[in-house]
Structure formats: structure tokens, C-alpha cells
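In the working numbering, the protein residues as written are 20 to 179. Every residue gets a Cβ at the ideal spot worked out from N, C-alpha and C, and that includes glycine.
Pasting the structure below:
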């Protein structure tokens, strides 16, 4: 199976391969937002409201390599622009995107933020290789993180 963007194979449709270390941000937990707190002068420490923790949305960097093939320089250039523009057209669509990462077998609901670090790596005999990072963000971290509840053999919650 391959990584997908909106159920379109990144490699076969857009010529994009996700680098092996290109998914590290997707494995990070979201940062907790600050809770209401007060430091009473007559009490040690802080009085912090921990009843309903909330979390920041995460930003993800996907490290990509786009390879365009062609027998001539003109074919490679035409193929490159077709793949490159096709990817941007997909990323610039309305709403959120479903990004499936095959190396961790997980789908993330994200929106496109930016492309950074575009770098032409090579322009060999039959291929052109471009490396770049795609930045995505989530609207709500719990869209992408499933809550897990522990229950005993009678189905009673142990942790909620």
C-alpha cells in the first residue's frame, strides 16, 4: 500500500514519495493549552483548574520527493509541471484533506498550510528529482487521535 492524499496514491498520481523520516511530526502528542491558575500568597504552589484539559492543534511537516520521468528534457519538464501542478491543485481544494501514511497505517484529517525548502536535487538522463516539505495542520487534535477507554471483564470503565 502507498501513502495517499484524498484517496489518491501520492506516488502514482503525483510522483511523490514520502521520505522515511518524513513523518516524525505525525507521531507527536499535541501540546496542552494553559489552564486557569492562581497563586495564592498564603498557599504553597499553584491552584490550577485541571478538570477539562484542552490541547493545541498540531502542525505537521511531510518530507517529500517528487520524481518526474521523460526521455528528453522537454518531456521531463512537461511531466514535472503536470505532477507538480496536479499536487498543488489537490492541496488547494476546499476543506480538509485525508492524508493516509502507509508507513504507520494511519489517516490524518489535515489542511494544507505551506510548501517549504523546494530544492532541485538532480536532472539526470531520464528523470528530474525535486525535494520539498509540505506543511499541514489539524483543526482539532482529537480528529486524529482516538480516545481509548479501559474496561474490566464486566464492561465497567476503569479510566475515562
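Asked	Found
Which same chain residues end up closer than 7 Å to residue 59 when comparing Cβ atoms and leaving out the 5 residues on each side of it in sequence?	66
What does the alpha-carbon distance come out to for the pair residue 159 and residue 28?	25 Å
For residue 148, collect the residues of the same chain with a Cβ closer than 7 Å to its Cβ; drop the 5 residues on either side in sequence, then sort them by chain order.	84, 86, 140, 141
Ignoring anything shorter than 3 residues or poking outside the segment 48–108, list the beta strand (DSSP E) runs there in chain order.	78–88
Would a C-beta distance cut-off of 8 Å place residue 145 and residue 134 closer than the cut-off?	no
On the CB-based measure, 16 or more other CB atoms within 10 Å of its CB, does residue 42 come out buried or exposed?	buried
Quick check on DSSP: helix, strand or coil for residue 113?	coil
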